[in-house]
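Quick note: the sequence shown uses our numbering, first residue 426, plus one each step. Data block below; observations after.
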Amino acid sequence: MSTSYRLEAAGVAKTFGAVRALRGVDLRIRVGETHALVGENGAGKSTLINVLSGAVHPDAGHILLDGEKFVPNGPQGSLAAGICTVYQDPQLVGSITAAENIFLGRFPARAGWVDRRRIHRQAAELFESLEIEVKPEQLCNDLSFADRQLLQVARAASFDSLRLLILDEPTSTLTPNEVARMFSLVDRLKGSGVSVLYVTHKLDEVMEHADSVTVFRDGQFVREIARGEYDIPTLVRHMVGRDIELHEKHGKNLSGSPVLSLRGLSGRRFHDVSFDVHRGEIFGLFGLVGAGRTEVMRAVFGADPVFSGEIVLEGQPYRPRSVGAAVRHGVAMIPEDRRHQGLIGTLSIAENLTIANPSTYLRNGFIDRDLQSSVTETFQSRLQIKMSGPDASISSLSGGNQQKVVIGRWLATQPKVLILDEPAAGIDIGAKSEIYLLLERLAAEGTPIILVSSELPEILRLCDRIGVMRHGRLAGIVARQDATEESLLSLAAVD
Numbered sequence: 426m427s428t429s430y431r432l433e434a435a436g437v438a439k440t441f442g443a444v445r446a447l448r449g450v451d452l453r454i455r456v457g458e459t460h461a462l463v464g465e466n467g468a469g470k471s472t473l474i475n476v477l478s479g480a481v482h483p484d485a486g487h488i489l490l491d492g493e494k495f496v497p498n499g500p501q502g503s504l505a506a507g508i509c510t511v512y513q514d515p516q517l518v519g520s521i522t523a524a525e526n527i528f529l530g531r532f533p534a535r536a537g538w539v540d541r542r543r544i545h546r547q548a549a550e551l552f553e554s555l556e557i558e559v560k561p562e563q564l565c566n567d568l569s570f571a572d573r574q575l576l577q578v579a580r581a582a583s584f585d586s587l588r589l590l591i592l593d594e595p596t597s598t599l600t601p602n603e604v605a606r607m608f609s610l611v612d613r614l615k616g617s618g619v620s621v622l623y624v625t626h627k628l629d630e631v632m633e634h635a636d637s638v639t640v641f642r643d644g645q646f647v648r649e650i651a652r653g654e655y656d657i658p659t660l661v662r663h664m665v666g667r668d669i670e671l672h673e674k675h676g677k678n679l680s681g682s683p684v685l686s687l688r689g690l691s692g693r694r695f696h697d698v699s700f701d702v703h704r705g706e707i708f709g710l711f712g713l714v715g716a717g718r719t720e721v722m723r724a725v726f727g728a729d730p731v732f733s734g735e736i737v738l739e740g741q742p743y744r745p746r747s748v749g750a751a752v753r754h755g756v757a758m759i760p761e762d763r764r765h766q767g768l769i770g771t772l773s774i775a776e777n778l779t780i781a782n783p784s785t786y787l788r789n790g791f792i793d794r795d796l797q798s799s800v801t802e803t804f805q806s807r808l809q810i811k812m813s814g815p816d817a818s819i820s821s822l823s824g825g826n827q828q829k830v831v832i833g834r835w836l837a838t839q840p841k842v843l844i845l846d847e848p849a850a851g852i853d854i855g856a857k858s859e860i861y862l863l864l865e866r867l868a869a870e871g872t873p874i875i876l877v878s879s880e881l882p883e884i885l886r887l888c889d890r891i892g893v894m895r896h897g898r899l900a901g902i903v904a905r906q907d908a909t910e911e912s913l914l915s916l917a918a919v920d
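Structure below.
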């Protein structure tokens, strides 16, 4: 092995019970490069991250760090060796300041007391050097999600020993501008010789920012590819072992009365929003974080109050006072936060799938488990959910299959309008493609769909028309044939 590599892993294997998570994988990361690691959910990416960060001990294989043998000995051992991991969900303490989060566990002291003045001074110097616009004295709870992600990277950079920064889906919920800020910070760290391992499902970001890519599939190493030798279809083919059609939509002719109409609707964080959704249409709602997209849909779903304006559903006035009322009227919504708002982790797959309309499964006051299982198996076949059985725990499923369960739950209510908020966030390219095909099939069957998304490729592929939110107002509605990334971003970001 060559010492020109920052990290070299060879033949790394890990088994959990009957599951072979890693089957002798290889990984090589050069000094000062951004190396992307891609693969579907279950490919072994997270397990390898846990091995490198010291959270999991490998069963076989060996690792070199700057040419020397490296045996991860717990998270503190990896950190001491110069390996720091930034996870998708910020690992920060919200009730203390940004500066205190930077030095948590290693506070400088003077005369036996924590030297808070020195903590804030050093944090300010660090933020200035990294061009991070965070005030040291700000409470972490008061920071935006994007700033909390940058704060995690800054904490990693505060270690003088940092050699390898691991980023686990760091941009999954960031806007394009926030993503640019993240990679600007990463580029500054690379300039000082830090290597970056970037784990992501966002292949467009891989194309723009990665110097090289390693592909995993089913716990196995597939291929390492240098920049300039791959495109998105090539990466997808290696990830899933087959070709997936990646196409864009060209819109459709809409006729007849709309199924859902919003007229001058105002509520929390949005004002005077008006648009129609027709039968068989996928209507996109795009905008930057904080633009009010989700809040509009929560109001339509009865989760947030409507202050003024009107909603018309199938020609009749509609003003839901609760989520239950919205469901009874035939409105369904798949939330953005699958884990905390979409699933109940202590329940089985069948229970999660059927919980939206439990009375349907009552017989003499008791849940009919056979009927519950039968409905679950029907949706398993319809949505191609990979599971061991209806009674298995929902936590046993991959993120993509969990999302299919949430979608199946609301399809079981036979909705008149289906709302999806960031339906493909945090899931792999294979599951994402299956969900896209499902939405296209539902629209072809006549279901009106509202798709809330910050992913422009997703919006451009799926939507017939796109409403763009800016500062709580609808900035415009663009037909698919007229929509480009530049035109949508201009509406979303330019006053």
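For each residue, glycine too, the CB sits at the ideal point set by N, CA and C. All values reported here derive from a predicted model rather than from experimental measurement.
- Taking residue 630 as reference, the option from 527, 881 and 916 with the minimal CA-CA separation is 881.
- Two segments are said to touch when three or more pairs of C-beta atoms, one from each, lie closer than 8 Å; by this definition the segment 733-744 does not touch the segment 765-782.
- Secondary structure at residue 697: strand, using DSSP grouped into helix, strand and coil.
- Residue environment for residue 538: exposed (fewer than 16 other C-beta atoms within 10 angstroms of its C-beta).
- Note that the C-beta distance between residue 852 and residue 817 is not below 9 Å.
- Residue 487 carries a strand assignment under DSSP once its states are collapsed to helix, strand and coil.
- Looking from the CA of residue 647, the closest CA among 905, 436, 906 and 864 belongs to 436.
- Distances from the alpha-carbon of residue 752 to those of 728, 764 and 761 put 728 closest.
- The beta carbon of residue 694 lies closer than 7 Å to those of 717, 720 and 897 in the same chain, with the five residues before and after it left out.
- A straight-line Cα-Cα distance of about 17 Å links residue 726 and residue 765.
- Residue 886 holds the alpha-carbon nearest to the alpha-carbon of residue 858 among 886, 754 and 515.
- The beta carbons of residue 558 and residue 572 sit closer together than 9 Å.
- Only residues of its own chain outside the window of five on either side were considered, and among them 548, 551, 579, 580 and 583 have a CB closer than 7 Å to the CB of residue 527, listed in chain order.
- Bridge pairing for residue 894: 899 [DSSP].
- Counting along the chain, residue 460 sits inside the beta strand (DSSP E) bounded by residues 459-463.
- When 635, 841, 894 and 860 are compared, the shortest CA-CA separation from residue 871 is found for 841.
- With fewer than 16 other beta carbons inside 10 angstroms of its own, residue 521 counts as exposed.
- Contact annotation: the segment 792-800 does not touch the segment 744-761, with fewer than three C-beta pairs closer than 8 Å.
- Secondary structure remark: continuous beta strand (DSSP E) runs of at least 3 residues inside the segment 621-665, in chain order: 637-642 and 645-651.
- The Cβ-Cβ distance between residue 480 and residue 499 falls below 9 Å.
- The residue from 555, 513, 807 and 453 with its alpha-carbon nearest to that of residue 649 is 453.
- As summarised for the segment 577-612, the continuous beta strand (DSSP E) elements at least 3 residues long and confined to that stretch are 589-593, given in chain order.
- Distance from the CA of residue 456 to the CA of residue 782, rounded to the nearest whole angstrom, comes to 55 Å.
- By the Cβ criterion, the segment 743-750 is not in contact with the segment 702-712, since fewer than three pairs of Cβ atoms, one from each stretch, lie closer than 8 Å.
- According to DSSP, residue 447 shares a beta bridge with 439.
- Assigned with DSSP and collapsed to three states, residue 819 falls in helix.
- Annotation: residue 476 is outside any beta strand (DSSP E); the continuous alpha helix (DSSP H) that includes it extends over 470-477.
- For the pair residue 477 and residue 494, the Cα-to-Cα distance works out to about 13 Å.
- A straight-line Cα-Cα distance of about 15 Å links residue 878 and residue 903.
- In this structure, residue 434 sits away from residue 482, with a CB-CB distance that is not shorter than 9 Å.
- One alpha carbon belongs to residue 812, the other to residue 821, and they sit about 8 Å apart.
- Annotated three-state conformation of residue 811 is coil, per DSSP.
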